[in-house]
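A.B. asks:
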Amino acid sequence: MKSARQPSAPPVIRSGSGLVRQRRQIIRHIATSYDGPVIVAAEYERHVQTWNIVHQKRIGEFETTLDGGGQRLAVSHDGRRFAVGAWEDHGIALYDAENGIEIWRRKDLNQVQVVRISEDDRCVQCEFENSPHQTLSLSTGQTLGAFRGVADFWESRYDSVVVFEESERDYRLMNEENELIANLPRQTFACLDFAFAPQKFCISESTGAIRCFNVTNGVQLWRYDPGNGSHAIGLTYNELADEVAAIVWSYEEGGPCYLKTFDADNGRVKATLNVGQPHELAFCCAGSLLVTSDGKLRETATGDDCGMLKFF
209 MKSARQPSAP
219 PVIRSGSGLV
229 RQRRQIIRHI
239 ATSYDGPVIV
249 AAEYERHVQT
259 WNIVHQKRIG
269 EFETTLDGGG
279 QRLAVSHDGR
289 RFAVGAWEDH
299 GIALYDAENG
309 IEIWRRKDLN
319 QVQVVRISED
329 DRCVQCEFEN
339 SPHQTLSLST
349 GQTLGAFRGV
359 ADFWESRYDS
369 VVVFEESERD
379 YRLMNEENEL
389 IANLPRQTFA
399 CLDFAFAPQK
409 FCISESTGAI
419 RCFNVTNGVQ
429 LWRYDPGNGS
439 HAIGLTYNEL
449 ADEVAAIVWS
459 YEEGGPCYLK
469 TFDADNGRVK
479 ATLNVGQPHE
489 LAFCCAGSLL
499 VTSDGKLRET
509 ATGDDCGMLK
519 FF
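Reading the sequence shown from the start, the letters are residues 209 to 520 in the working numbering.
1. Give the C-beta separation of valine 246 and valine 283 to the nearest angstrom, bearing in mind that I take them to be a contact with Cβ-Cβ under 8 Å.
2. Any chance you could list the beta strand (DSSP E) runs of at least 3 consecutive residues sitting entirely within the region 329–380, in chain order?
3. On a CA-only basis, which of Leu344, Ile311, Gly511 and Val371 is nearest phenylalanine 491? Give me that one, please.
4. As a quick exercise: from Ser364, Glu376 and Leu317, pick the residue whose alpha carbon is nearest that of alanine 354.
5. Using 8 Å for Cβ pairs, my map puts valine 477 next to proline 464. What's the rounded Cβ distance?
6. Helix, strand or coil: how does DSSP classify leucine 274 here?
7. By the 10 Å Cβ neighbour count, where 16 or more other Cβ atoms means buried, how is glutamate 271 classified, buried or exposed?
8. What is the rounded straight-line gap between the Cα of leucine 517 and the Cα of arginine 289?
9. Going by the CB atoms, is the gap between tyrosine 366 and phenylalanine 404 shorter than 8 Å?
10. How is glutamine 230 classed by DSSP in three states: helix, strand or coil?
11. In three-state DSSP terms, what is lysine 315?
12. Between leucine 481 and tyrosine 466, how many whole angstroms is the CB-CB distance? I'm expecting something under 8 Å.
13. Going by CA-CA distance only, name the one from Gln342, Asn422 and Pro486 that's closest to valine 369.
14. Taking the straight line between their C-alpha atoms, what separation do you get for arginine 229 and glutamate 251?
15. As a quick exercise: from Arg419, Gly437, His439 and Ala440, pick the residue whose alpha carbon is nearest that of tryptophan 430.
16. Taking the alpha-carbon of lysine 315 as reference, which of Lys408, Thr351 and Glu488 has the nearest alpha-carbon?
17. Out of curiosity, what's the CA-to-CA distance linking isoleucine 389 and cysteine 399?
18. Buried or exposed, going by whether 16 or more other CB atoms sit within 10 Å of the CB of glycine 437?
19. Just curious, the beta strand (DSSP E) that asparagine 425 is in, first and last residue?
20. Less than 8 Å between the C-beta atoms of glycine 515 and leucine 505, yes or no?
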């Protein structure tokens, strides 16, 4: 899933030479893989922590070239590496998650907005402000391919299908032979998050609904409209409970985030829990846990507290 972030501005202070960023020890980025053992948490820029989520133990703390904004932090499924992006100058870099050593850097790739590592740990997917989407080799950083007109794409871990998002166009559901299965109508201007489950997938859109589709034919299975000026800023599939989970937040009024769980087959709301107003939220451990920037760990199915990561 994409890390669920509420809009916020970086903290700044005034100095004689202009604006200078001030470190305030607030987690503004959390990167997870779907079911990997390691998560990466970061302040607004540069300072990064790696954690073993299973043992709730910090692995290390490192200075990197991570820039604030966008979704520029990603961790590999095996937990051994993490990638960061920068708007200018530093490009995209890969680091060792245990010791923070830089593995490779692509300084030529600027204005990156989204960095994501593929489920098979072979590629880094990169979405740019004004350039084609690029696929990089995780091991070397070399460009493996570019996709003009593609804003993003998602591959199912359960079925041999891919969903492409193109700017201002409908989504395209494709099979492994690159044949079109179905066009899925876009209903708003932006996709907020995406989650695959066996034989189905869900999309949440900005100012819009959560929709669930069948992967074999693209037929809509169910729909949930948060209403009241709200939308789902995060999605996941909880394998253990066979549920879809979402983070719902009011873009009109702000306020707390709500963890909602749904029956994966019919979209029936099973539970709703107020999880407060953390700067950042992310699902992990095959959708069974929710980690927030205040360090709390909650079971997705029940909302029960199950641990604490002491970031600071």
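Here a beta-carbon is modelled for each residue, glycine too, at the ideal position from N, C-alpha and C.
C.D. replies: This is what the structure holds:
1. Between valine 283 and valine 246 the Cβ distance is about 6 Å, and since that is below 8 Å, they are a contact.
2. Runs of the beta strand (DSSP E) inside the region 329–380: 331–336, 341–345, 351–355, 358–363 and 369–374.
3. Checking every option, the nearest Cα to that of phenylalanine 491 belongs to Gly511.
4. The residue with the shortest Cα to Cα distance from alanine 354 is Leu317.
5. In fact, because the Cβ distance is near 17 Å, the residues do not count as touching under 8 Å.
6. Residue state for leucine 274 is assigned as coil, using DSSP reduced to three classes.
7. A residue is called buried once 16 or more other Cβ atoms fall within 10 Å of its Cβ, and glutamate 271, having fewer, is exposed.
8. Distance between the alpha carbons of leucine 517 and arginine 289: 20 Å.
9. Yes, Cβ-Cβ distance for phenylalanine 404 and tyrosine 366 is below 8 Å.
10. Summary for glutamine 230: the model assigns pLDDT 49, below 50, so the residue's position carries little reliability; its value from the coordinates is reported in the next sentence. The answer is coil: DSSP assigns glutamine 230 none of H, G, I, E or B.
11. Reduced to three states, the DSSP call for lysine 315 is coil.
12. Approximately 7 Å separates the beta-carbon atoms of leucine 481 and tyrosine 466; this is inside 8 Å, confirming the contact.
13. Sorting Gln342, Asn422 and Pro486 by C-alpha distance to the C-alpha of valine 369 places Asn422 at the top.
14. Low confidence applies here, because arginine 229 scores a pLDDT of 43, under 50, leaving its location unreliable and the question unanswered by this model.
15. The closest CA to that of tryptophan 430, considering only Arg419, Gly437, His439 and Ala440, is found on Arg419.
16. Considering only alpha carbons, the answer is Thr351.
17. Looking at the backbone, the Cα of isoleucine 389 and that of cysteine 399 are separated by about 20 Å.
18. Answer is exposed; the Cβ neighbour count stays below 16.
19. From DSSP, asparagine 425 is part of no beta strand (DSSP E); its letter is neither H nor E.
20. Yes, these two residues count as a Cβ contact at 8 Å.
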